[in-house]
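Enquirer: Have a look at this one before I ask anything.
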Amino acid sequence: MFAKAFRVKSNTAIKGSDRRKLRADVTAAFPTLGTDRVSELIPGKEELNVVKLYAHKGDAVTVYMIGGNPILFELEKNLYPTVYTLWSYPDLLPAFTTWPLVLEKLVGGADLMLPGVVVPPTGLPQVQQGDLCAIALVGNRAPVAIGVAAMSTTQMLASGLKGKGFSVLHTYQDHLWKSGDKSSPPAIAPLAVNPTDSNEEKVDPGLHGNLSSLTLEGEGENRKVHHPEASEDTSSGALSQDSQDSKPLQEQMDELLHQCFLHALKSRVKKADLPLLTSTLLGSHMFSCCPEGQQLDIKKSSYKKLSKFLQHMQQEQIVQVKELSKGVESIVAVDWRHPRITSFVIPEPSLTSQTVQEGSREQPYHPPDIKSLYCVPASMTQLFQESGHKKGSTLEGGEVRRIVIDYAKRNSLVDADNRNLVRLDPILCDCILEKSEQHSVTKLPWDGLLTRCLQNMQPAYQVTFPGQEPILKKGKLSPIDITLAQKAYNKKVTVVRNLETYGLDPCSVAATLQQRCQASTIISPAPGAKDSLQVQIQGNQIHHLGRLLLAVMW
1 MFAKAFRVKS NTAIKGSDRR KLRADVTAAF PTLGTDRVSE LIPGKEELNV VKLYAHKGDA
61 VTVYMIGGNP ILFELEKNLY PTVYTLWSYP DLLPAFTTWP LVLEKLVGGA DLMLPGVVVP
121 PTGLPQVQQG DLCAIALVGN RAPVAIGVAA MSTTQMLASG LKGKGFSVLH TYQDHLWKSG
181 DKSSPPAIAP LAVNPTDSNE EKVDPGLHGN LSSLTLEGEG ENRKVHHPEA SEDTSSGALS
241 QDSQDSKPLQ EQMDELLHQC FLHALKSRVK KADLPLLTST LLGSHMFSCC PEGQQLDIKK
301 SSYKKLSKFL QHMQQEQIVQ VKELSKGVES IVAVDWRHPR ITSFVIPEPS LTSQTVQEGS
361 REQPYHPPDI KSLYCVPASM TQLFQESGHK KGSTLEGGEV RRIVIDYAKR NSLVDADNRN
421 LVRLDPILCD CILEKSEQHS VTKLPWDGLL TRCLQNMQPA YQVTFPGQEP ILKKGKLSPI
481 DITLAQKAYN KKVTVVRNLE TYGLDPCSVA ATLQQRCQAS TIISPAPGAK DSLQVQIQGN
541 QIHHLGRLLL AVMW
């Protein structure tokens, strides 16, 4: 459903009554979640936005977002969890397993065929036709997709695991996932299996799937993952996994937070930097200490806020924090001889830290090469036609100057008494003079002539991204626009527009700002601009945004 980009219709903050109704709907849709976990999923005070959008096939979808991440979506009055929610509650839905190679096909819009389903030693989960199910990969229980069962478990086994198993609605790496912080699935170990369990469902080992023989049925978005029945040689040995229990996501984030904090103090923060704003510690030092492939998000830790975390670090006497100005905290002292700092070992950079793993991260941003161009208007075609250009031709400023100079010299228009002046013939008069000047202005200096020519031409520009064909656009090049707006209750928000012109993904910028600023972000259509998005960040984030843009573009 979200294999292609969707169109956002509206993005609004949820009302209190609608929040309560959403909690009731979630409780009814997912009774196993329980009241406490529903309140955790939909907290009472945290900002929650309702995004109404149209999927690429025209389906009207309502998406609920918290902290910049989509947590639920509603289609035809049915609620569905996103992969972000399932990573926190991996047992919310019955889960089926497939091979890692299949994920790429699911992201592209394929449905999951039963031959691609891996049957664990404990057998398949019991579901009925139409039940909502999660899809995970071998070796990790973190769901990477959700889909609707095309048949019951009994029917699946009766068919010999042939035919379509699940209609896939949403996947990790699709456009709905991209509207969030684009984090990767956590590592959740498979449930331990008792080898002496005699209640295993007996399944032909040939149905465990053969990765090398996967093929696709159909074309485009209607592709379906399929492979022929596996041979008797295929064994379930590939399913043996490390049964070591995985730590909860919150505990993992706590460990990452401590690691980045100690790493920053040990290798980046110097005594001369003190007093140091706590926001600078986080944005300029701790984030850069985050290991490759991981994302530090304090809101997902048990501390929730940087100030609370630093209070704990102050209680351990690692740092001393003071409010040097109203509402602004700074670190004023660091005990670099504290055992936690002295014993901390800075992690070695991974072998892949200088490369990008295919399918797991986006390619690094490279700024485009941008050239200002001038388009020949109908009123100036006679001036440029001798040089082989016609109406609509685009030229660089240097080319325009050369053509005008050659024209003047070729037609003996350079003044004999003063070679800094150019006599205007009827063609030049029509091209650059106002009607009121037609009979009064007969000569112009070179710089005046060239300036008028450029001013009377239509602006255009060419954008060339590395490894891509140049893109030519008419009109003036719009700069990245950053504004500070005042909202209700004297709240300020920072709004940035025109990112797409420079090849910057608004979703990526929003996710990065959300982490660096620890502030909520909203992505919405830019007013008055076709097919363009704007990013809104809570608070005055012009400084953070400016530093981010300068860092990536220069």
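Residue numbers (UniProt numbering): 1 to 554. Ideal placement from N, C-alpha and C gives every residue a C-beta, glycine not left out. Keep in mind that this is a model prediction, so the values were computed, not measured.
Is DSSP giving Q514 helix, strand or coil here?
Expert: Along the sequence shown, read from residue 1 onward, the residue named residue 514 stands at position 514. Helix, per DSSP.
Enquirer: CB F166 to CB A142, shorter than 8 Å?
Expert: Position 166 of the sequence shown, counting from 1, holds the residue named residue 166. Position 142 of the sequence shown, counting from 1, holds the residue named residue 142. Going by C-beta atoms, F166 is not nearer than 8 Å to A142.
Enquirer: Around the Cβ of I471, are there at least 16 other Cβ atoms within 10 angstroms (buried) or fewer (exposed)?
Expert: As a position in the sequence shown, residue 471 is number 471, starting the count at 1. Counting Cβ neighbours within 10 Å, I471 comes out exposed, since fewer than 16 surround it.
Enquirer: Which of the three DSSP states, helix, strand or coil, is assigned to M113?
Expert: Within the sequence shown, residue 113 is the residue found at index 113, counting from 1. In the structure shown, M113 sits in a strand (DSSP, three-state: E or B).
Enquirer: Closer than 8 Å is the cut-off here; do at least three beta carbon pairs connect the region 484-503 with the region 535-547?
Expert: Taking 8 Å as the limit for Cβ pairs, the verdict is that the region 535-547 does touch the region 484-503.
Enquirer: Could you compute how far the alpha carbon of H227 sits from the alpha carbon of A158?
Expert: Looking up residue 227 in the sequence shown gives position 227. Looking up residue 158 in the sequence shown gives position 158. Any reading at H227 must be qualified, since the residue scores a pLDDT of 41, below 50, and its modelled position is unreliable; the value itself is stated next. The straight-line gap from Cα to Cα measures roughly 18 Å.
Enquirer: How would you write the range of the alpha helix (DSSP H) that L86 sits in, first residue to last?
Expert: Here residue 86 refers to the residue found at position 86 of the sequence shown. It spans V83 to S88 - the alpha helix (DSSP H) in which L86 sits, taken as one unbroken run.
Enquirer: Apply the 10 Å Cβ neighbour rule to T355 and answer buried if 16 or more other Cβ atoms are within range, or exposed otherwise.
Expert: Locating residue 355 in the sequence shown gives position 355, where the first residue counts as 1. Because the pLDDT at T355 is just 36, under 50, the model does not fix this residue reliably, and the value given afterwards should be weighed accordingly. Exposed, since its Cβ has fewer than 16 Cβ neighbours within 10 Å.
Enquirer: Throw me the rounded Cβ distance for the G68 and A510 pair, which I believe falls under 8 Å.
Expert: By one-based count along the sequence shown, residue 68 stands at place 68. By one-based count along the sequence shown, residue 510 stands at place 510. Contact flag correct, Cβ pair sits at about 6 Å.
Enquirer: Within the same chain, show all residues whose beta-carbon is closer than 7 Å to that of Y461, passing over the 5 residues directly before and after it, in chain order.
Expert: The count along the sequence shown starts at 1 and reaches residue 461 at position 461. Within the same chain, Y461 has close Cβ partners I370, K371, S372, L373, K473 and L477.
Enquirer: When the Cα atoms are used, what is the spatial distance from Q128 to M156?
Expert: Stepping through the sequence shown from its first residue, residue 128 is reached at position 128. Stepping through the sequence shown from its first residue, residue 156 is reached at position 156. Straight-line Cα distance between these residues: approximately 10 Å.
Enquirer: Under 8 Å, do H507 and S179 count as touching if we go by C-beta distance?
Expert: Stepping through the sequence shown from its first residue, residue 507 is reached at position 507. Stepping through the sequence shown from its first residue, residue 179 is reached at position 179. Before going further, note that residue 507 is Cys rather than His in the sequence given. Result yes, Cβ atoms of C507 and S179 sit closer than 8 Å.
Enquirer: Relative to the C-alpha of V50, which residue among L276, S10 and M457 is closest?
Expert: As a working mapping, residue 50 is identified with position 50 in the sequence shown. It is S10 whose Cα lies nearest to the Cα of V50.
Enquirer: Measuring alpha carbon to alpha carbon, tell me which residue in M313, Q173, S301 and T394 is nearest T82.
Expert: For the purposes of this step, residue 82 is identified with residue 82 of the sequence shown, where counting begins at 1. T82 has its Cα closest to that of Q173, out of M313, Q173, S301 and T394.
Enquirer: In three-state DSSP terms, what is A408?
Expert: Position 408 of the sequence shown, counted from the start, is the residue given in the question as residue 408. A408: helix per DSSP, three-state reduction.
Enquirer: Between which two residues does the alpha helix (DSSP H) containing D415 stretch?
Expert: For the purposes of this step, residue 415 is taken as the residue at position 415 of the sequence shown. Neither: D415 is in no alpha helix (DSSP H) and is coded neither H nor E.
Enquirer: Please name the residue, chosen from I403, H56, T451 and E251, that lies closest to D297 on a Cα-to-Cα basis.
Expert: The residue you call residue 297 lines up with position 297 of the sequence shown. When only C-alpha atoms are compared, the closest one is E251.
Enquirer: Using a Cβ-Cβ cutoff of less than 7 Å, which residues in the same chain neighbour H381 once the five nearest sequence positions on both sides are dropped?
Expert: Here residue 381 is taken as the residue at index 381 of the sequence shown, counted from 1. Strictly speaking, residue 381 in this sequence is Thr, with His absent from that position. Answer for T381: K390 and K391, listed in chain order.
Enquirer: DSSP puts S167 in a beta bridge; with which residues?
Expert: Here the question's residue 167 lines up with position 167 in the sequence shown. For S167, which the question treats as bridged, DSSP gives the partners V148.
Enquirer: Just to confirm the assignment, what range does the alpha helix (DSSP H) spanning V26 have?
Expert: One-based indexing of the sequence shown puts residue 26 at position 26. Here the alpha helix (DSSP H) through V26 covers G16 to A29.
Enquirer: Any contact between the region 393-400 and the region 450-458? By contact I mean 3 or more CB pairs, one from each, below 8 Å.
Expert: Yes, since at least three Cβ pairs between the region 393-400 and the region 450-458 fall closer than 8 Å, the two stretches touch.
Enquirer: Just list the residues that DSSP pairs T98 with in beta bridges.
Expert: The residue given as residue 98 occupies position 98 in the sequence shown. Answer is V117 and L137.
Enquirer: As a quick exercise: from I71, A60 and I146, pick the residue whose alpha carbon is nearest that of V38.
Expert: Here residue 38 refers to the residue found at position 38 of the sequence shown. Comparing Cα positions, the closest option is I71.
Enquirer: Taking C431 as part of the beta strand (DSSP E), name the residues at either end of that continuous run.
Expert: Your numbering for residue 431 matches position 431 in the sequence shown. Element bounds for C431: not the beta strand (DSSP E) but the alpha helix (DSSP H), P426 to I432.
Enquirer: Could you tell me if G237 is buried or exposed, where buried requires 16 or more neighbouring beta carbons within 10 angstroms of its beta carbon?
Expert: Position 237 of the sequence shown holds residue 237. Because G237 sits at a pLDDT of 32, beneath the cut-off of 50, its placement in the model cannot be relied upon, and the point is left open.
Enquirer: Is the beta carbon of A60 less than 8 Å from the beta carbon of H175?
Expert: By one-based count along the sequence shown, residue 60 stands at place 60. By one-based count along the sequence shown, residue 175 stands at place 175. Cβ atoms of A60 and H175: not closer than 8 Å.
Enquirer: Measuring only the C-alpha atoms, how far is L169 from S279?
Expert: One-based indexing of the sequence shown puts residue 169 at position 169. One-based indexing of the sequence shown puts residue 279 at position 279. Going by the C-alpha atoms only, they are around 39 Å apart.
Enquirer: Per DSSP, what kind of secondary structure is E323 in: helix, strand or coil?
Expert: Taking the first residue of the sequence shown as position 1, residue 323 is located at position 323. Residue state, collapsed to three classes: strand.
Enquirer: Where does the unbroken beta strand (DSSP E) through C290 begin, and where does it stop?
Expert: Counting from one through the sequence shown, the residue named residue 290 turns up at place 290. Run containing C290: none; DSSP gives neither H nor E here.
Enquirer: Do you know offhand how far E292's Cα is from K300's?
Expert: By 1-based counting over the sequence shown, the position of residue 292 is 292. By 1-based counting over the sequence shown, the position of residue 300 is 300. Near 18 Å, if we compare the C-alpha coordinates of K300 and E292.
Enquirer: So, are the CB atoms of G437 and Y407 less than 8 Å apart?
Expert: Numbered from its first residue, the sequence shown carries residue 437 at position 437. Numbered from its first residue, the sequence shown carries residue 407 at position 407. Note that residue 437 is Glu in the sequence shown here, rather than Gly. Cβ atoms of E437 and Y407: not closer than 8 Å.
Enquirer: For I522, which residues in the same chain have their Cβ closer than 7 Å to its Cβ, ignoring the five residues on either side in sequence?
Expert: Working through the sequence shown from its first residue, we reach residue 522 at position 522. Result list for I522: N11, N49 and Q536, in chain order.
Enquirer: Helix, strand or coil, according to DSSP, for S353 in the structure here?
Expert: Translated into positions along the sequence shown, residue 353 becomes position 353. A caution first: S353 carries a pLDDT of 39, below 50, which makes its placement in the model unreliable, though a value can still be read off. Three-state result, S353: coil.
Enquirer: Taking one C-beta from the region 77-95 and one from the region 181-189 each time, how about it: are there three or more such pairs within less than 8 Å?
Expert: Output reads yes: the region 181-189 touches the region 77-95.
Enquirer: Give me, in chain order, the residues of the same chain whose beta-carbon lies closer than 7 Å to that of L306; leave out the 5 immediate sequence neighbours on both sides.
Expert: On the sequence shown, position 306 is the one that residue 306 refers to. These residues qualify, in order along the chain: T278, L282, I298 and Q518.
Enquirer: Using DSSP with H/G/I as helix, E/B as strand and the rest coil, what is M253?
Expert: Counting from 1 along the sequence shown, the entry for residue 253 is found at position 253. If DSSP states are grouped into helix, strand and coil, M253 belongs with the helices.
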